[in-house]
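S.K.: Before we start, here is the structure in question, set down as structure tokens.
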Amino acid sequence: MHYIRLELGLNHIECVVLKRMLMWYLKIRRMGAERLPKICLERLLELNMMPTNKVKYNWVSQLNQKLSSAGLEDELHRVETKGDVIRLVEKYKRNKLLIDINRVLNSRYNGLFQHISSLGTGELYLNYDKNIWKMRLISQLRLAQPNFCSIYHKGCVAKFSREEICMLCNQLAENSLLHALFGCPTFEVSRRMYLVEYLQEDQGYEEKYKNLLFIDSPTKLDKIFAYFSSYIKYGQFVIDLE
1 MHYIRLELGL NHIECVVLKR MLMWYLKIRR MGAERLPKIC LERLLELNMM PTNKVKYNWV
61 SQLNQKLSSA GLEDELHRVE TKGDVIRLVE KYKRNKLLID INRVLNSRYN GLFQHISSLG
121 TGELYLNYDK NIWKMRLISQ LRLAQPNFCS IYHKGCVAKF SREEICMLCN QLAENSLLHA
181 LFGCPTFEVS RRMYLVEYLQ EDQGYEEKYK NLLFIDSPTK LDKIFAYFSS YIKYGQFVID
241 LE
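Quick note on numbering: the sequence shown equals residues 1 to 242 in full-length UniProt numbering.
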């Protein structure tokens, strides 16, 4: 999920939960001392300081735990206004974003993603005025594990596993996404038609992947889509013949 959040520029769902908890906390804090919710809150705050406190039954303790996980354990008692809530939530968002970034940087799932991602600030290509099929296919290519993955498009699927041999050419090459994009001779004509301007012959597959999947123009997105949609349809045709 951290890959998807960074690709789409989404906040962690816990940020929404935290904001609602803080807004509820603030609402009760503003109630009169005779109100039952306020009386319960004061008791929960007291229990939170006791060694016999059970976090499972104390939502104030749970709120404290969430804040503590982001280094904000001393901030709850300072919440007096809606502005304080917004400030805390923004700090919490930044903490969660840094966690996601670190997970991607240290992940073995797709070590190439960090070189083509803005790492949380939002991807430019998602703002292009393109149909959803193009967006889905490009996003899958960017987020996929290059050696073992499945790419779906309009009822067709291309499955890749480097432990298998590509069935679309006679090179006895590993069936990986990188081979499909840059090596499979069956698609050399399509590659020259759509991708040649984004590829350098002296680069390895990984460098080519970084250059190609860094989407910086609508035209580039269209050409990658045209190439890979033809690949996936032909691959499905071959599978159907078997």
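We put the CB at the ideal spot given by N, CA and C, even for glycine.
Is it buried or exposed for D216, if we count other Cβ within 10 angstroms and need 16 for buried?
M.R.: Burial call: exposed.
S.K.: CB-CB under 8 Å to C15, same chain, minus the five flanking residues each way: which ones, in chain order?
M.R.: Excluding residues within five positions, the ones whose Cβ falls inside 8 Å are V89, Y92, K93 and K96.
S.K.: Rank M135, N170, Q65 and I165 by C-alpha distance to the C-alpha of H153 and give the top, closest one.
M.R.: The shortest C-alpha separation from H153 is found at M135.
S.K.: DSSP three-state label for V189, please.
M.R.: In this structure, V189 counts as helix in the three-state DSSP scheme.
S.K.: DSSP three-state label for residue 287, please.
M.R.: Outside the displayed span of the chain (1 to 242) sits residue 287, for which this structure offers no information.
S.K.: Which of the three DSSP states is assigned to V157 in this structure?
M.R.: In the structure shown, V157 sits in a strand (DSSP, three-state: E or B).
S.K.: Look at the alpha carbon of L22 and the alpha carbon of L67, and state the distance between them as a whole number of angstroms.
M.R.: Computed Cα separation, rounded: 10 Å.
S.K.: Less than 8 Å between the C-beta atoms of V104 and H12, yes or no?
M.R.: It is not a contact, given that the beta carbons lie outside the stated cut-off.
S.K.: Classify I151: buried if its beta carbon has 16 or more other beta carbons within 10 angstroms, exposed otherwise.
M.R.: So I151 ends up on the buried side.
S.K.: Once you ignore the five residues that flank L177 on each side, which residues in its own chain have a CB closer than 7 Å to its CB?
M.R.: So the list reads A144, P146, C149 and F160, once near-sequence residues are dropped.
S.K.: Could you tell me which uninterrupted alpha helix (DSSP H) segments, each at least 4 residues in length, are contained entirely in the region 112-167, listed from first to last along the chain?
M.R.: Counting whole runs of 4 or more residues, the region 112-167 contains the alpha helix (DSSP H) stretches 113-116 and 132-143.
S.K.: Using the C-alpha atoms, what's the distance from Y128 back to Q200?
M.R.: Rounded to whole angstroms, Q200 to Y128 spans 26 Å at the Cα level.
S.K.: Compare the beta carbon distance of L137 and S229 with 8 Å and say whether it is the shorter of the two.
M.R.: Yes; because the gap between Cβ atoms is below 8 Å, this pair is in contact.
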